[in-house]
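The sequence shown begins at 32 in my numbering and counts up by one.
Each residue gets a CB set at the ideal place from its N, CA and C atoms; glycine is no exception.
Data first, discussion second: the structure below is written as structure tokens.
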Amino acid sequence: MIGLQTLADPSDTWEIVETIGKGTYGKVYKVSNKKDGSQAAVKVLDPISDVDEEIEAEYSILQSLSNHPNVVQFYGIYYKADLKAGGQLWLVLELCNGGSVTDLVRGLLKRGHCMDEALIAYILYGALLGLQHLHNNRIIHRDVKGNNILLTTEGGIKLVDFGVSAQLTNTRLRRNTSVGTPFWMAPEVIACDQQFDYSYDIRCDVWSLGITAIELGDGEPPMSDLHPVKALYKIPRNPPPTLLQPDKWCRGFNHFISQCLIKDFERRPSVTHLLEHPFIKQAHGKDITLQKQLAHLIETQQQDGSVEKTRHERLCTRKRHHLRASEEGGQDMTDDLVSLEFLDEETIIYHLQKRYSELQVYTYVGDILIALNPFQDLNIYSPEFSKLYHGVKRCSNPPHIFATADAAYQGMVTFSKDQCIIISGESGAGKTESAHLIVQHLTYLGKANNRVLREKILQVNPLVEAFGNACTAINDNSSRFGKYLEMKFTPTGAVMGAKISEYLLEKSRVIQQAVREKSFHIFYYIYAGLYHQKQLAEYKLPENKPPRYIANEEGNIMQDIITNSLYREQFEAIQHCFRSIGFTDEVVHSVYRVLAGILNIGNIEFAAISSKHQTDKSEVPDAEALENTSTLLGIGSEELQEALTSHCVVTRGETIVRTNTVDKAADVRDAMSKALYGRLFSWIVNQINTLLHDAESGMNVGILDIFGFENFKKNSFEQLCINIANEQIQFYFNQHIFALEQAEYQNEEIDAALVEYEDNRPLLDMFLQKPMGLLSLLDEESRFPQATDQTLVDKVEDNLRSKYFWRPKGIELCFGIQHYAGKVLYDAYGFLEKNRDTLPADVVVVLRTSENVLLQQLFCSPLTKTGMSGLQSPLSAQNINIQCSNENRFQLLWRWIDTMEIMRHPEETTNMKRQTVASYFRYSLMDLLSKMVVGQPHFVRCIKPNDDRQAQMFCQERVQVQLRYTGILETIRIRGQGYSHRILFEEFVQRYYYLAFRAHETPSATRESCIAILQKARLDKWVLGKTKVFLKYYQVEQLNLLLREVIGRVVVLQAYTKGWLGARRYKKARARRRKSAVVIQSGHSGVAKKHYTGLIMSYGYIDELSLNQIHNLLQSDIPCTRQFIRKVDVESVLMQTQWDWLTLTLVRNQPTTTTTTALHSNGSRGRAGGRGRKVTKGAVEKKPGRNHITWQPTLPYSLTLFCCIPPLYHKQQLLPSAIYFTPTYVFFKK
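Below, the structure is given as structure tokens:
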């Protein structure tokens, strides 16, 4: 094992001259020896805090086997300590300044030349000798390729890069890890990634050498134009590759390649056999000549400057991935890193830095969003941008936090499934601001009629963060609690409420802050606001000297509060938030009194007094702070002093009063302050939930904004809890992105490359398992009265057998944890006391009897399992302010609370095991996870580009560290290669069958149905398992858009169909009514008389109607069956009436002789029935416009007009006339 601290500092011996290129783990530099001026190459592994097995293996190989002329020489290993960046490991090697054989070949091809076959044989001969040396020592190189065969300017051949080499032993002559660079990997090596019982031996290097031989001839390995993953798929299935133009090369060279590329590695020759191959033997005895010829070629090419550097990425599964990518300077920016063809950390950082420089702070990794903190205001969050990111394709706009919010919203509405947005990152990376923006956009998307509710939801975050955020050494607005905000929506997507769940408030910040840190924002806001409103005296706050709880070492906090306009503005904003959400002025006043009371509590000092019998008694020498506190909290000063300076012990029914020492009294004072603030914070959150009309039904989108990973110079109990919570979030990310997905590949028998990732489950078990986890040991030790922080550390060291835990030498109260984000050293001082967090029962009794109704509420309910106030008070914010006397309020309160319970000492009734902060913390994690796992997750990874919080400043080292521990590289790989959406056949067919089947069909949930849908959608790169459809991250969006388009067309078709069906039903009903009228009228005795004076029907007589009733009758779609009219001027009516067609009937004096002529809208006439004659004395004139006719009657005899009342009307112009109505007809005469 390499001990980093035992290695020498390279700065004493070596000096960097220039950058050469990249190695597997870091950059490669040319260095000069300060003592003798000799030059070498150094591979810098940056940053590094520990030596993993691959670095250990490479170091072992270099140290023992570099004494061969065809293996690069090893000059030593060094460690350059750097606490901030993590330290650098230097591997100093022989300088091979002739470049790689790949660079040489491509330079020749660029000039139109090919490498001479004799030189190819010489290069292969040197490589075979180097491999023989490795194989004789049971070492497999596993990454033989042109870029790993370097040349010296003297023409030497050197094998390099043993980062993935493997050591064979007597008991293990084969390996089963799939590792290498895709185009050079042997079929048996690739098979190990798909068949776990498969293995290979040293002859995998022979295959890679055969591919390298093709590379020396053609300049590229076979299938280099394909994506690496496709190459991995084709290599085992395709026949062995050959040169592009075999006829151009000699038979010996072609035969050598064919021997190397025998697919059955059991029949493949070894390196020793290949050294005797005729093509290789031509180089025997000509070493010096060919070496000089090669050296001359290298010199010529370097002078021409035609060396072209190209890299292919290396893949490694079942262990950490180390990739290589192109280093071309002119790469275009990409919105999605998954679309990059070549991947490694530097390529990713290059793209992120380029986008950041152009203020493109968001970048996709598949369906995951990377958000770089710009440390400045960007004008990309206005309502205009909200409109851009509303139900559109993700690729239609640049990456944005609004796009993630829209994806969650659309997923909720489309699939009626809860969603969860998880925001993670370091402290100061921008998580809180990202949460604000998500809430803003979700509120925009879920527009409801209740505008007041939307405004309330937008005011929630600023209010809660004023009480829960604080300024730390690395972040001016650091969340000191975990917040899970659930926005509630109706099934149609309208926002209808919100609910906040708060976790793990850092209450200890109230009483003490680290250097260059502050307490919670609200204390500074109210102090500044009350100062400028001249109300400090009302709240017993001094104007000159700051309260002890918020005072700093510099002594300038009061000046800052008075002069900093930001504090005053924030105070006004907080007051606006209180009013907007629904808190009344009286409630806000009560909140301010409690906060001022906390500040005054901190000013209470204690002094020791001695007596004949007791020497450890304490008292309050200065009663001013005590009186101020009592006044603000509505309690008696004597009772408060007694509760602080003494405590009661109940033994066998007898109460014994014992005094507190000065230190104990100070601890009780601080515990009281922490309890007051913690319960006040929980109460405010509960009231917000009540005032936001939290609805149990409906769907929701949850937003998690939790404190980021922290590593300060001094890390205490709070940092341990924060970092464990971040470990849990990282575990959830790993499970969702890696573990569950890859487990389904195996269960569903999907042929997909597995991605190795850092699983932090063992670390979480070390923290959370019972009974030997760190938190369990902490709780156990906390229950021993005589336990100390030192005994705690000793117990943890004795019981934790984990590689993630260590004790640094020379430091007593200290232990270290290897977190997923790096090593953290914890100072155990105060761990036990902070974990106990004891609030004496005497203090609870005093606070329960307060005259302040709010304060009574805070302490009349026990805490929940998560440590929050369990108060579900019937005295809500509105109830507290009911217009009644104080006496009535207290009577109402006493009816709600068991008076005997209040007056009884808490220790008399509390026999249960006292909860600790660690137990609250454990339950909080469980509760948080239970909320998260219900919804479909969406991840936002926030990255802090620099530690100075400067805009347009991108620190590659800091970004690289964050990318590493968050697993972004592995995430890119699995999003590119994997299938992030796995849908059961039944659910898939039920959801998308509209795309391929008719609406009335009910396709079965089979593979065939799924294939039909996928083919109809014209998707590719999907895979079917045994029971599920596997889709790429972007394909679900495509299917949803297609489905939305199809459903849109269906809705339009349904609208037309319903209209047509309605018209047809009406026509049928009209025909039935017309037929019924004819039947009724045919039974009447008189149909027409010489002079019409009325119409008598079997069911009644004609009644005169008003003009308005006539108009309504004509406009009605359902004609009246009993009301008729006679002798009414018709012109004013018919001028407002639209008719479809007319029927004219000539009536003589004798009713038996009639002629009926139909006048249609086109002016033509038609026989309408009956025995009559053609109309000759009437003129029909067609007027301009559709269906408009004018009839001028000139007949000397009476005329009757029969007119049907249809659903569609067209205006007619008729002369004045007398008119008669029946249910279906209109009668009129000149």
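Q: Return yes when the Cβ of D40 is within less than 8 angstroms of the Cβ of K111, no when it is not.
A: The count along the sequence shown starts at 1 and reaches residue 111 at position 80. The count along the sequence shown starts at 1 and reaches residue 40 at position 9. Cβ atoms of K111 and D40: closer than 8 angstroms.
Q.
Taking 7 angstroms as the cut-off, is the beta-carbon of F769 closer than that to any non-hydrogen atom of the ligand GDP?
A. The model on display carries no ligand, and the ligand GDP is accordingly not part of it.
Q. What are the residues that DSSP puts in a beta bridge with W121?
A. Position 90 of the sequence shown, counted from the start, is the residue given in the question as residue 121. BP columns for W121 point to V75 and Y109.
(Q) Whole angstroms are fine: how far does the CA of H421 sit from the CA of V964? (A) Stepping through the sequence shown from its first residue, residue 964 is reached at position 933. Stepping through the sequence shown from its first residue, residue 421 is reached at position 390. Cα to Cα, the separation comes out at about 26 angstroms.
Q. Going by C-alpha distance, which of P252, N778, V103 and V619 is nearest P213?
A. One-based indexing of the sequence shown puts residue 213 at position 182. Closest by alpha carbon: P252.
Q: For S69, name the three-state secondary structure that DSSP assigns.
A: Residue 69 sits at position 38 when you count from the first residue of the sequence shown. S69: coil per DSSP, three-state reduction.
Q. Helix, strand or coil for S131 per DSSP?
A. Within the sequence shown, numbered from 1, the residue matching residue 131 stands at position 100. It is a strand residue.
Q | Pairwise C-alpha distance: I632 and V651 | A | Within the sequence shown, the letter at position 620 stands for residue 651. Within the sequence shown, the letter at position 601 stands for residue 632. Looking at the two C-alpha atoms, the distance is approximately 12 angstroms.
Q) Across which residues does DSSP place R838 in a beta bridge pair? A) Along the sequence shown, read from residue 1 onward, the residue named residue 838 stands at position 807. Looking at the DSSP assignment, R838 forms no beta bridge with any residue, so it has no partner.
**Q.** Closer than 8 angstroms to chain B by CB, D873
**A.** Absent from the structure is chain B; it holds one protein chain and no more.
Q. Which first and last residues belong to the beta strand (DSSP E) in which T662 is found?
A. Position 631 of the sequence shown, counted from the start, is the residue given in the question as residue 662. Taken as a continuous stretch (DSSP letters only), T662 belongs to no beta strand (DSSP E), being part of the alpha helix (DSSP H) at A654 to L664.
Q: Can you give me the start and stop residues for the beta strand (DSSP E) that D1302 sits inside?
A: Not covered by the structure: residue 1302. The range shown for the chain is 32 to 1261.
Q: Would you please state the rounded distance, in angstroms, between the beta carbons of A525 and E517? I believe it to be under 8 angstroms.
A: The count along the sequence shown starts at 1 and reaches residue 525 at position 494. The count along the sequence shown starts at 1 and reaches residue 517 at position 486. The beta carbons of A525 and E517 sit about 15 angstroms from each other, so the pair does not count as a contact at 8 angstroms.
Q: Return the chain-ordered ranges of every alpha helix (DSSP H) run that is complete within the stretch 458-502 and spans a minimum of 4 residues.
A: 462-476 and 482-499
Q | Chain-order list of residues whose beta-carbon lies under 6 angstroms from that of N746 (same chain, five-residue window excluded) | A | Looking up residue 746 in the sequence shown gives position 715. Excluding positions up to five away in sequence, the list reads V855 and Y857.
**Q.** Reference L139; option with closest CA among Q290, C127, D335 and I719
**A.** Stepping through the sequence shown from its first residue, residue 139 is reached at position 108. With distances taken between Cα atoms, L139 lies closest to D335.
Q | Close beta carbons around L325, own chain, < 8 angstroms, minus the five adjacent residues each side | A | Mapped onto the sequence shown, residue 325 falls at position 294. Same-chain partners within the cutoff: L150, Y153, I154, L182 and G186.
Q. Closest to D249 by CA distance: which of K317, K141 and I329 is it?
A. To locate residue 249, count along the sequence shown from 1; it is residue 218. Among K317, K141 and I329, the Cα nearest to that of D249 belongs to K141.
Q. Which residues in the same chain as R995 place their Cβ atom closer than 8 angstroms to its Cβ, once the five residues preceding and following it in sequence are excluded?
A. Locating residue 995 in the sequence shown gives position 964, counting from the first residue. E376, listed in sequence order.
**Q.** Length of the line joining the Cα atoms of K312 and L794
**A.** Within the sequence shown, numbered from 1, the residue matching residue 312 stands at position 281. Within the sequence shown, numbered from 1, the residue matching residue 794 stands at position 763. So the two alpha carbons sit approximately 56 angstroms from each other.
Q) According to DSSP, what are the bridge partners of C145? A) Working through the sequence shown from its first residue, we reach residue 145 at position 114. In the DSSP output, where bridge partners are listed per residue, C145 has none listed.
Q | Between the CA atoms of R624 and T947 - distance to the nearest angstrom | A | As a working mapping, residue 947 is identified with position 916 in the sequence shown. As a working mapping, residue 624 is identified with position 593 in the sequence shown. Roughly 29 angstroms between the two C-alpha positions.
Q. Do Y1317 and I581 have their C-beta atoms within less than 8 angstroms of each other?
A. This structure does not reach residue 1317, given that the chain is present from 32 up to 1261, and the question cannot be answered.
Q. From the DSSP output, which residues share a beta bridge with W45?
A. Here residue 45 is taken as the residue at index 14 of the sequence shown, counted from 1. Answer by DSSP bridge pairing, in chain order: N64.
Q) Relative to the alpha-carbon of V875, which residue among S892, R485, Y860 and E843 has its alpha-carbon at the smallest distance? A) Taking the sequence shown and counting its residues from 1, one reaches residue 875 at position 844. Closest by alpha carbon: S892.
Q. What three-state label does DSSP hand K189 in the structure shown?
A. In the sequence shown, residue 189 corresponds to position 158, counting from 1. Note: K189 maps to strand in three-state DSSP.
Q. Exposed or buried, E49, counting other C-beta atoms within 10 Å across all chains shown (16 or more means buried)?
A. Numbered from its first residue, the sequence shown carries residue 49 at position 18. By the neighbour-count rule (16 or more Cβ atoms within 10 Å), E49 is not buried but exposed.
(Q) For G107 and K317, I'd like the C-alpha separation in whole angstroms. (A) To locate residue 107, count along the sequence shown from 1; it is residue 76. To locate residue 317, count along the sequence shown from 1; it is residue 286. Computed Cα separation, rounded: 33 angstroms.
Q. Is it true that the CB of I666 sits closer than 8 angstroms to the CB of V392?
A. Within the sequence shown, residue 392 is the residue found at index 361, counting from 1. Within the sequence shown, residue 666 is the residue found at index 635, counting from 1. For V392 and I666, no; Cβs fall outside 8 angstroms.
(Q) Just to confirm the assignment, what range does the beta strand (DSSP E) spanning V680 have? (A) Along the sequence shown, read from residue 1 onward, the residue named residue 680 stands at position 649. S677 to T682 is the extent of the beta strand (DSSP E) around V680.
**Q.** Alpha carbon of A559 to alpha carbon of H552, nearest angstrom
**A.** As a position in the sequence shown, residue 559 is number 528, starting the count at 1. As a position in the sequence shown, residue 552 is number 521, starting the count at 1. Rounded to whole angstroms, A559 to H552 spans 11 angstroms at the Cα level.
Q. In this structure, does DSSP put Q967 in helix, strand or coil?
A. Residue mapping note: residue 967 aligns to position 936 of the sequence shown, counting from 1. Correct three-state label for Q967: strand.
Q. Between R1006 and G397, which are expected to be in contact by the criterion C-beta below 8 angstroms, what is the C-beta distance as a whole number of angstroms?
A. The residue given as residue 1006 occupies position 975 in the sequence shown. The residue given as residue 397 occupies position 366 in the sequence shown. About 3 angstroms separates the two Cβ atoms, so the contact holds.
Q. On the premise that L809 lies in contact with K487, defined as a C-beta separation below 8 angstroms, what is that separation, rounded to the nearest angstrom?
A. In the sequence shown, the residue the question calls residue 487 occupies position 456. In the sequence shown, the residue the question calls residue 809 occupies position 778. The pair is not a contact, with the Cβ atoms about 40 angstroms apart (cut-off 8 angstroms).
Q | Beta-carbon proximity list for R953, same chain, < 7 angstroms, skipping 5 on both sides | A | Counted from its first residue, the sequence shown places residue 953 at position 922. If we look at R953 and ignore the five residues flanking it on each side, its Cβ neighbours are L799 and L806.
Q. Tell me, which residues are paired with M518 by DSSP?
A. On the sequence shown, residue 518 is found 487 positions in, with the first residue counted as 1. Bridge partners of M518: A529 and V732.
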